[in-house]
Amino acid sequence: MRLVLLGAPGSGKGTQATRLKEHLQVPHVSTGDLLRAEVKAGSPLGLQAKEVMARGELVSDDILLGMLEDRFSRDDMARGFILDGYPRNLAQAAALDALLERIGQPMDIAVQLEVDNELLIDRLAGRAQAEGRADDNPESVRKRLQVYDDQTAPVIGYYRDAGKLAVVDGVGTLDEVFGRILAAFERQ
Ligand code: AMP
């Protein structure tokens, strides 16, 4: 199964991806996690990305595509994958499709987790306390939600037009939302 999780920051993509990874036995590729690992390692890429991430803005498409190509060159991706945090804009969506076409592994389904803005802000505030992420401060949270609305939300239409979109209510317990995602697979 090749799937991409869509949804605003705080919509539960990472949490559901962890559960889906166990269920589907495929790698979970989070571009946010890959970038945070680069920042932590202090690599040149990490140094470039650090400030942009802390502000809640998008790291450049070139950097992201390079990282993704690198990850897709590993053998474990042949079984399928769960992509989380990419694509974040229409250019990335097109680049991803080109990459997947090149390796003969088209996307099966895009799952959009729908959560309204007020709940997202509450969840991100909770996460800021629990995890201490540099970009969970109120100003960066506002920026990330705005970037999502302006640049990432159009990606939903991209997958709808391709006939691959499944919209799932992201409000509920982990198990409830997970059950809805599995039901969406059945429908697709
Ligand atoms: P996330 O963990 O997915 O919320 O990502 C954290 C931050 O990493 C984002 O706010 C961006 O600064 C950066 N990032 C992650 N994925 C991407 C992407 N696909 N394109 C650009 N920036 C990204």
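Residues in the sequence shown are numbered consecutively from 1, following the UniProt record's numbering. Glycine included, C-beta positions come from ideal geometry on N, C-alpha and C. Note that the structure is a prediction, hence the values are computed from the model and not measured.
Next on the checklist: Which residue wins for smallest C-alpha separation from VAL29, given the options VAL4, ALA8 and ALA49?
Outcome noted: VAL4
Item to check | Close-in-space but distant-in-sequence residues of the same chain around ARG127 (CB under 8 Å, 5 per side omitted) | outcome: GLY10, ARG133 and ASP136
Item to check | Nearest to ASP124 (by Cα), restricted to the options ALA110, VAL111, GLN112 and GLU139 | outcome: With the sequence shown as reference, residue 124 is identified as Leu, and Asp is not the correct amino acid for it. Minimum Cα distance to LEU124 is reached at GLU139.
Item to check | Under 7 Å between C-beta atoms of ARG2 and GLY80 | outcome: yes
Item to check | Which residues DSSP lists as bridging LEU113, in chain order | outcome: VAL168
Next on the checklist: Are there any heavy atoms of ligand 1 lying less than 6 Å away from the beta-carbon of PRO154, as far as the coordinates show?
Outcome noted: Checking the Cβ of PRO154 against ligand 1 gives no.
Checklist entry - Do GLY80 and ligand 1 come close, with the Cβ less than 6 Å from some heavy atom? => result no
Item to check | Start and end residues, alpha helix (DSSP H) containing LEU58 | outcome: Unbroken run through LEU58: none, as it is neither H nor E.
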